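I have placed the structure first, in the form of structure tokens, so that the comments after it can refer back to it.
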Amino acid sequence: KAGVTQTPRYLIKTRGQQVTLSCSPISGHRSVSWYQQTPGQGLQFLFEYFSETQRNKGNFPGRFSGRQFSNSRSEMNVSTLELGDSALYLCASSSYLGQVYNEQFFGPGTRLTVL
Amino acid sequence: QKEVEQDPGPLSVPEGAIVSLNCTYSNSAFQYFMWYRQYSRKGPELLMYTYSSGNKEDGRFTAQVDKSSKYISLFIRDSQPSDSATYLCAMSAAGANSKLTFGKGITLSVRP
Chain Y
457 KAGVTQTPRY LIKTRGQQVT LSCSPISGHR SVSWYQQTPG QGLQFLFEYF SETQRNKGNF
517 PGRFSGRQFS NSRSEMNVST LELGDSALYL CASSSYLGQV YNEQFFGPGT RLTVL
Chain U
-12 QKEVEQDPGP LSVPEGAIVS LNCTYSNSAF QYFMWYRQYS RKGPELLMYT YSSGNKEDGR
48 FTAQVDKSSK YISLFIRDSQ PSDSATYLCA MSAAGANSKL TFGKGITLSV RP
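Residue numbers (the working numbering), protein chains in the order written: chain Y, 457 to 571; chain U, -12 to 99.
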């Protein structure tokens, strides 16, 4: 079974631009979560989508948004980029079969650099 | 105070050493406790998962949870150079909708 894939792997943007990152979950997984990882703050939860609906949201400004498509693929968008948005953006998928704990499987991440 | 605090490191040990990694937390609602391992230029992968208090062993790895002290640990016995990675603790409350809260991670280097 193929793992979680994220595209692109590396991205360089300038301040003020916007960016869209893509995540394809493991086949059959319906939940996709996004995280931002920086050396200073560690791994921080952005949001989770399940069946095309945002089910959970972290404490990030409205410049960070996401969506999920009917095939469970997900995109996240960051508008009006700031230098502090430079980070590794990780996507994780889980099967959510209704049990109380669902293991999350992470993709390799997209390294975003904002100049 | 952050919900999850993890020793910042980095940590460097000789091959064969016993490694102890620790996290403390403040949210009493946390019921599920995980340790992830992240190699350079890769995403985190689940190493150990524990529900509530107690110990869990898997090969050279042992996870301990003490909910009364809000303290979790990961022990690595007979550490190997291949164990060199960043280790992140993570926790969540009960319920499939609950999000994961991570520690900042500690980078471990095992010297041959």
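Positions of the beta carbon are idealized from the N, C-alpha and C atoms, including for glycine. Treat the numbers as computed from the prediction; the structure is a model and nothing was measured.
Excluding its 5 nearest sequence neighbours in each direction, Ser480 (chain Y) has C-beta neighbours in its own chain below 6 Å: Thr461 and Arg529, listed in chain order.
Rounded to the nearest whole angstrom, the C-alpha separation of Phe62 (chain U) and Ala543 (chain Y) is 29 Å. Remark: fewer than three beta-carbon pairs, one from each stretch, lie closer than 8 Å, so the stretch 35 to 48 of chain U and the stretch -5 to 10 of chain U are not flagged as touching.
At a cut-off of 7 Å, the C-beta of Phe89 (chain U) has a neighbouring C-beta in chain Y. No Cβ of chain Y is located within less than 7 Å of the beta carbon of Gly41 (chain U). Gly565 (chain Y) and Ile468 (chain Y) have their C-alpha atoms some 14 Å from each other. Per the C-alpha coordinates, the member of U:Val(-9), U:Phe89 and U:Asn9 positioned closest to Leu95 (chain U) is U:Asn9. Shown here for Glu32 (chain U): same chain residues with a beta carbon closer than 7 Å to its own, the five before and five after excluded, namely Tyr23 and Arg24 in chain order. Scanning its chain for C-beta atoms nearer than 6 Å, with the 5 sequence neighbours on each side dropped, one finds around Thr37 (chain U) the residues Phe20, Lys43, Ala50 and Val52, in chain order.
Ranking Y:Gln473, Y:Leu502, Y:Val488 and Y:Thr470 by CA distance to the CA of Phe525 (chain Y) puts Y:Val488 first. Taking a C-beta distance under 7 Å as the contact criterion, Thr88 (chain U) and Lys57 (chain U) do not qualify as a contact pair.
Annotation: Thr536 (chain Y) is outside any beta strand (DSSP E) and is labelled neither H nor E by DSSP. Its chain contains Met78, Ser79 and Ala80 as the residues whose beta carbon lies nearer than 7 Å to that of Phe17 (chain U), once the 5 sequence neighbours on both sides are disregarded; these appear in chain order.
Cβ-Cβ separation between Leu546 (chain Y) and Tyr491 (chain Y): approximately 5 Å, consistent with a contact (criterion under 8 Å). The residue among Y:Ile482, Y:Ser549 and Y:Leu502 with its C-alpha nearest the C-alpha of Ser521 (chain Y) is Y:Leu502.
DSSP places Ile93 (chain U) in the uninterrupted beta strand (DSSP E) bounded by Ile93 to Arg98.
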